[in-house]
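Here's the structure, in structure tokens; my notes come after.
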Amino acid sequence: MNLLKDFIKLEAASGIILVFAAILAMVIANSPLDKFYDLLLDLPVEIRIGPLLIAKPLLLWINDGLMAVFFFLIGLELKREIMEGELSDPSSIILPAMGALGGMAVPAIIYSWINWGDAIAIKGWAIPAATDIAFAIGILLLLGDRISTSLKIFLVSIAIIDDIGAIVIIALFYTSDLSLNALIIGLSLVPVLYILNKKNVTSVMPYIFIGIIMWTAVLKSGVHATLAGVLVAFFIPLKSNENPERSPLKELEHDLHTVVAYGVLPVFAFANAGISFEGIGLDYVLHPVPLGIAAGLFLGKQLGVFGFCWVALKTGLTSLPKGMDLVHLYGISLLCGVGFTMSLFVGSLAFEETDVNLLFDERLGIIIGSLLSGVLGYLVLNWRVKKSNPA
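In this note's numbering, the protein residues as written are 26 to 416.
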């Protein structure tokens with residue numbers, strides 16, 4: 026429970042920093058400094074070792090490289106939660122799992138319905154299916170101690186299961202043309218990681234070294250390189266045989282949380298949120314891509330999360346956690362519509378190989394949908410806690 030409290034506090038602080046990073050990017054993108062912002066993100070960065078060459082603009086190094094660290098952390102969190110955390114008890118998984126399932130399916134259906142018939146726009150169907158845990162937890166904690174721990178645990182559980190869904194979606198639907206040789210090299214390292222885990226090698230350096238090689242191979246294979254981070258994380262030992270009190274996984278997770286919360290995610294937000302609002306009209310907002318994303322996040326998330334949870338409750342599959350009622354559940358469902366960093370990431374994958382520039386449309390829809398979801402979610406939960414705790 027202490028680990029969960031530390032996690033929530035850190036995610037809340039990260040959410041605040043993310044807001045400032047995103048606002049700073051938008052301010053710069055709408056100032057005379059916009060050309061320097063674009064030049065920075067387009068800066069070519071190359072690494073060459075003999076015949077091996079990786080050449081990408083800085084923006085893609087951030088999205089493919091830094092975000093691999095983020096997904097490595099997600100992998101560590103998932104393994105801990107599945108083995109001994111909130112996801113280790115099957116009875117406690119049913120409600121958040123149903124909510125996460127609805128929160129991915131309904132937004133995707135709404136987006137697809139709005140963009141049906143457009144072969145390029147339809148590629149963004151998974152963008153509104155994502156939830157940004159840092160922002161969502163940050164908004165929830167604005168309510169202070171008036172919010173029960175059960176609500177925080179429920180939101181974290183939904184977000185973690187949502188991350189599993191995002192990993193599966195990226196692996197299955199956002200993989201470009203495969204290079205079989207590179208993929209074989211990457212997969213051949215899995216037995217090495219397995220041996221290290223079975224021998225209970227607790228030093229993280231061998232895992233990181235192999236992880237870098239795997240990341241390079243997966244990057245060259247056409248499968249998105251961030252998935253290498255998740256795979257390596259699953260082999261980090263949870264316990265040390267020599268010292269049962271020590272957990273290499275938890276130590277690494279604790280250390281990486283600070284790096285990701287105060288470094289990786291703010292840098293990603295700054296690099297991806299710089300939208301120029303010059304010449305924006307209503308037609309931009311009503312374009313099918315931003316409209317589908319905004320509707321998916323704002324309407325789809327609340328309908329999906331709340332609706333699927335309501336069905337699970339009415340059919341007797343599970344019950345509400347102690348300290349929660351249907352109004353709390355609806356407020357949490359709204360907060361799940363804050364997609365931001367995860368939606369931006371999926372959006373960068375969805376449209377990066379198209380000839381049509383939908384990046385602006387994508388970010389506009391994400392910001393509108395996330396803002397509406399966050400504000401209304403806060404208002405609903407604030408009203409509920411005020412009603413139950415009158416001054």
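Ideal Cβ placement from N, Cα and C applies to all residues, glycine included.
Going straight from the alpha carbon of residue i to that of residue j, what length do you get?
{"i": "A250", "j": "I305", "result": "35 angstroms"}
{"i": "I53", "j": "D114", "result": "47 angstroms"}
{"i": "E276", "j": "A47", "result": "30 angstroms"}
{"i": "P132", "j": "L98", "result": "26 angstroms"}
{"i": "E71", "j": "L85", "result": "11 angstroms"}
{"i": "V410", "j": "V336", "result": "25 angstroms"}
{"i": "L197", "j": "G190", "result": "11 angstroms"}
{"i": "W240", "j": "I209", "result": "13 angstroms"}
{"i": "M108", "j": "M349", "result": "26 angstroms"}
{"i": "A320", "j": "I135", "result": "7 angstroms"}
{"i": "F61", "j": "V94", "result": "27 angstroms"}
{"i": "A298", "j": "D67", "result": "15 angstroms"}
{"i": "G356", "j": "N266", "result": "44 angstroms"}
{"i": "G399", "j": "V226", "result": "43 angstroms"}
{"i": "P346", "j": "D157", "result": "22 angstroms"}
{"i": "K81", "j": "K264", "result": "38 angstroms"}
Just verifying my parser: in three-state terms, what is the DSSP assignment at residue i?
{"i": "K339", "result": "helix"}
{"i": "I145", "result": "coil"}
{"i": "A54", "result": "helix"}
{"i": "P269", "result": "coil"}
{"i": "V418", "result": "Past the boundaries of the shown model lies residue 418; the chain is included only from 26 to 416, so the question cannot be answered."}
{"i": "A46", "result": "helix"}
{"i": "S113", "result": "coil"}
{"i": "L68", "result": "coil"}
{"i": "L363", "result": "Reading off the sequence, residue 363 comes out as Val, not Leu. Three-state DSSP puts V363 in coil, outside helix and strand."}
{"i": "N140", "result": "coil"}
{"i": "P262", "result": "coil"}
{"i": "W150", "result": "coil"}
Flag this pair as yes or no: are the beta carbons of residue i and residue j separated by less than 8 angstroms?
{"i": "G124", "j": "V330", "result": "yes"}
{"i": "A155", "j": "D187", "result": "yes"}
{"i": "L389", "j": "I300", "result": "yes"}
{"i": "V289", "j": "I192", "result": "no"}
{"i": "A151", "j": "P313", "result": "no"}
{"i": "S395", "j": "G364", "result": "yes"}
From the DSSP secondary-structure annotation, give me the bridge partner or partners of residue i.
{"i": "L78", "result": "R73"}
Every unbroken alpha helix (DSSP H) inside the segment 293-361 [4 residues or more]: 307-310, 313-320, 326-339 and 351-360
Runs of alpha helix (DSSP H) wholly within the segment 153-185 (minimum 4 residues, chain order): 158-165
Complete alpha helix (DSSP H) runs within the segment 180-256 (minimum length 4 residues, chain order): 205-213, 215-223 and 230-246
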